[in-house]
Every structure is written in C-alpha cells, then in structure tokens.
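For the sequence shown, position 200 matches number 542 in the working numbering, and the numbering has no gaps at all.
Below is one structure, written out as structure tokens, with a few remarks after it.
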Amino acid sequence: MALAAHALHAGWPDGPEVLRGVDLTVAPGEVVALLGENGAGKSTLMHALAGLLAPRAGGVVLDGRPLADLPAADRARRIGFLPQEVHPEFAFTAAETVALGARVAGHGGWLDGPDAPAVRAAVERALAATDALHLADRPLGELSGGERRRVLVASVLAQEPRHLLLDEPGAMLDLPHRVALHRRFRALADAGLGVLFVGHDPTLAARFADRLVLLHEGRVLVDGPPAEVLRPRWLDAVLDDAYLLTDGPDGLPVVVPRR
Numbered sequence: 343m344a345l346a347a348h349a350l351h352a353g354w355p356d357g358p359e360v361l362r363g364v365d366l367t368v369a370p371g372e373v374v375a376l377l378g379e380n381g382a383g384k385s386t387l388m389h390a391l392a393g394l395l396a397p398r399a400g401g402v403v404l405d406g407r408p409l410a411d412l413p414a415a416d417r418a419r420r421i422g423f424l425p426q427e428v429h430p431e432f433a434f435t436a437a438e439t440v441a442l443g444a445r446v447a448g449h450g451g452w453l454d455g456p457d458a459p460a461v462r463a464a465v466e467r468a469l470a471a472t473d474a475l476h477l478a479d480r481p482l483g484e485l486s487g488g489e490r491r492r493v494l495v496a497s498v499l500a501q502e503p504r505h506l507l508l509d510e511p512g513a514m515l516d517l518p519h520r521v522a523l524h525r526r527f528r529a530l531a532d533a534g535l536g537v538l539f540v541g542h543d544p545t546l547a548a549r550f551a552d553r554l555v556l557l558h559e560g561r562v563l564v565d566g567p568p569a570e571v572l573r574p575r576w577l578d579a580v581l582d583d584a585y586l587l588t589d590g591p592d593g594l595p596v597v598v599p600r601r
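Now the structure itself:
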C-alpha cells in the first residue's frame, strides 16, 4: 500500500534535471517530513509523486503498480495533493471549494451543490478538521492567506485519499494553526493514511513526523528518525552553520537560529 519513488530522475519540461536518483517511500500509518533548502527539488518531487510530472528515469509506484498506469481518476481518489501555490480561477466560496474534493471521494454527484446532504456532511468534516468551518460561506478572494490555506488543506482532506502530499501546508499559518495542522496529520496517519509534507521548520517537523528526509541538490542526503537526521553533520551541509542544534527537554532535537 506504499507510495514510493525508485531511482527517480525528474525535471520540469524543457528544464534541467532536478531530481537525481531519489529513493523515497511513504507507507500507510506514517508521517514523513521533506526538508531542504530552496531549490533542492522538494516541489519537483511532490509533483512527480502525485503523477503530475513524468519521470525521466526511474519511476513512482503506488500499491505495487506503476503510478503512470493508473487512470487520473484513480490517482485522485488515492492521492490527495496540495501544491505550494494555488490560484483559484473561480470566485468559489470555501464550502464550494471543499465540495470539489468531496465529489472526488464519491460524495454526491458532480452537479450537486455544497448543500446536498452527502456533500455538506463531507465538507463540514473537512472544514472542521482545519478549524475553517466558520469560513464556509466566505469567498476565497476575501480570506487572508492563512485562512485560504486552511480551506485548501480541507479540500484535499475531503477527497479522503489514502496518501496525502502537502507542499508547505503551513505556509502563512500562525503558530497555533500550524501546530494544530501537524497534530491533524499525526491523527490521520494513526488512522492509516500515509502523509508526506514539505516544511521549513525542522523543530516542528521533528515533533510530529516519524521520519525526516533531507533533500539536497536533488538527492536524498539522509532519511531517518528525527533524532538521527537533525545532527550537525547533516544540517551543516544544508544550513551552512546558520543554526545551532540542541536537544530539547522532551529529548527531541531543537533547531534555533544563531545571532
């Protein structure tokens, strides 16, 4: 039931190769955090894992089958993907946006509005999970960046996928909502989902992820438990001594900026 990249080489069309032989597996029941500097290839990897970017070599498999062999509708039901940037083209409300994800999961027909009973129940569950239920009737264009991000995360949750791929899901969220969102990821994994998210806060990732994957120049530098990954020998290669690593009172690593 795992989602996995094997010896994956990939890049954007007409662009240089970004990923150079990446191996990465996300199994049901685990949270994996993907870390790395800007330009390391994190978003490229997420698009390839979602089936939106064709490999140049190697490949991606889902449940033991090549991802490219699955119809797009099957991929959408199994993999929920939130890219780094989303620019809605329509003046949807929050509820209408989340209803799109609910229909992918089979709640209601494509012509049913967000008030159809089956759709409404799924929309309310997803919005409540991201503390965005009170935003249901608000147009996306009127929301703050953080509020919009919570609605977009809810739209992916409403798909009820087996794997979640989230590219910087905490972007623009305040600290309480970032923490609550990571707790939600932990709960979803405990319920059997595989969760992979891109983040830029190693300390927060260490507290909610089972594994950290450090991507550097298109390659996996290290993949393992937080206590093994957040060590100077690995971080110095990526952060250029910009951070000091200590051990927190709970025994998990803490990364803080140098003055």
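By construction, the Cβ of each residue, glycine as well, lies at the ideal position given by its N, Cα and C atoms.
Between the C-alpha atoms of D589 and A375 there is a straight-line separation of about 19 Å.
Excluding residues up to 5 positions away in sequence, V596, V597 lie with their Cβ nearer than 6 Å to the Cβ of T545 in the same chain. One thing to note: A441 has its Cβ no nearer than 8 Å to the Cβ of V428. A contact between stretches requires three or more CB pairs, one per stretch, nearer than 8 Å, and the region 499 to 512 meets this requirement with the region 415 to 422.
As far as DSSP is concerned, T545 takes part in no beta bridge.
For D578, the closest C-alpha among the options L556, R561, G566, P591 is that of L556. The Cβ atoms of S497 and T439 sit closer than 8 Å to each other.
When rounded, the separation of the alpha-carbon atoms in G363 and P397 is 10 Å. A straight-line Cα-Cα distance of about 30 Å links R491 and P358.
Distance between A346 and A390, taken at the CA atoms: about 10 Å.
Under DSSP, the beta-bridge partners assigned to H558 are R561. Taking a contact as a CB-CB distance under 8 Å, the pair T472 and L523 counts as one, their CB atoms being some 7 Å apart. For R480, no alpha helix (DSSP H) run applies, since DSSP gives it neither H nor E. With fewer than 16 other Cβ atoms from the protein chains shown falling within 10 Å of its own Cβ, L517 counts as exposed.
Between P568 and D479, the alpha-carbon positions lie close to 40 Å from each other. According to DSSP, residue pairing for H348 in a beta bridge involves G401. It is roughly 9 Å from the alpha-carbon of M343 to the alpha-carbon of G536.
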